[in-house]
Ligand SMILES: Nc1ncnc2c1ncn2[C@@H]1O[C@H](COP(=O)(O)OP(=O)(O)OP(=O)(O)O)[C@@H](O)[C@H]1O
Ligand SMILES: [Mg+2]
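Numbering (my numbering), first residue to last: 213 to 433.
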């Protein structure tokens, strides 16, 4: 489903160039659940952004269902994301002017889902936020914002779900609820899960784990 060939990411920095990813090769099968682990700064979020077509590589390629992302312009990448991909950002990226329900509804409405409001409410309920529907992001705790971001990504029932530290701000019990929800989606809809995590419970629940070390996939745990 996703093939990564010698993927490189370089960024300009004050004293030259920083090679964040130094030739990543990876094969992800449909329905698989993959955990990407590694210390802070090892390039996990950068890799996730490239896999999801949110960022552009400096070399190499990501191929999703036979389509090389390097051949697509920004609009085509956005169309591919809308069609196949859900993303939970490390920083949540909720829209501050919209309340929880509206944040989850917006992408559903853009995608033309008929019962967007009911669907959004259903997923907010599944992450335990039915009593916070009309709260704005600034009126939600960090863990609550994270759960809104998760509900938003789940609600569109994507074929591939990318999540960057989805349990990072949650207590054990709430984290377990989210882990259950992730794998329920994986089982019932065949959703491919690609997760960045420091949470050992989540990593162990995945069918496969890879470790990023200084921009390389070195150890397969
Ligand atoms: N646009 C950029 N310009 C310069 N440096 C960058 C840029 N983006 C990321 N970096 C650097 O690249 C490295 C990898 O960043 P990335 O966000 O992928 O790490 P991470 O593994 O997700 O870390 P964390 O666990 O802390 O979230 C970091 O050292 C970061 O400072
Ligand atoms: Mg990160």
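All C-beta atoms in this analysis are idealised placements derived from N, C-alpha and C, irrespective of residue type, glycine included.
Rounded to the nearest angstrom, the Cβ distance from residue 363 to residue 336 is 5 Å, consistent with a contact under 8 Å. The residues 257, 376, 377, 380, 408, in chain order, have a CB closer than 8 Å to that of residue 302 in the same chain once the five nearest residues on each side in sequence are set aside. Each residue's CA atom was taken as its position, placing residue 361 and residue 230 some 30 Å apart.
Here the alpha carbon of residue 354 sits roughly 31 Å from the alpha carbon of residue 240.
Distances from the CA of residue 356 to each of 368, 315, 428, 413 were compared; the closest alpha carbon is that of 315. In the DSSP secondary-structure assignment, residue 247 is bridged to 407, 421. Listed as beta-bridge partners of residue 373 by DSSP are 298, 405. Per DSSP, reduced to three states, the secondary structure at residue 234 is strand. Contact between residue 395 and residue 260 does not hold, since their C-beta atoms are separated by about 19 Å, which reaches or exceeds 8 Å. The closest heavy atom of ligand 1 lies less than 7 Å from the beta carbon of residue 252. Minimum Cα-Cα distance from residue 282 among the listed residues 291, 294, 295, 268 corresponds to 268. In the DSSP assignment, residue 256 falls within the alpha helix (DSSP H) that extends over 256 to 263. Each residue's CA atom was taken as its position, placing residue 237 and residue 429 some 8 Å apart. Residue environment analysis places residue 306 among the buried positions, since at least 16 neighbouring C-beta atoms fall within 10 angstroms of its C-beta. Under the three-state reduction of DSSP output, residue 224 falls in the strand class. Residue 271: member of the beta strand (DSSP E) spanning 271 to 276, first to last residue.
Around ligand 2, the residues selected by a Cβ distance under 6 Å to any of its heavy atoms are 256, 257, 302, 376, following chain order. The Cβ atoms of residue 359 and residue 403 lie no closer than 8 Å to each other.
Short note on residue 318: C-beta not closer than 7 Å to any heavy atom of ligand 1. DSSP, read as helix, strand or coil, puts residue 239 in strand. Of all alpha-carbon atoms in 244, 225, 219, 245, the one lying nearest the alpha-carbon of residue 233 is that of 219.
Per DSSP, the beta-bridge partners of residue 215 are 239, 275. With a cut-off of 7 Å, the C-beta of residue 223 is classified as near ligand 1, since at least one heavy atom of the ligand falls inside that distance.
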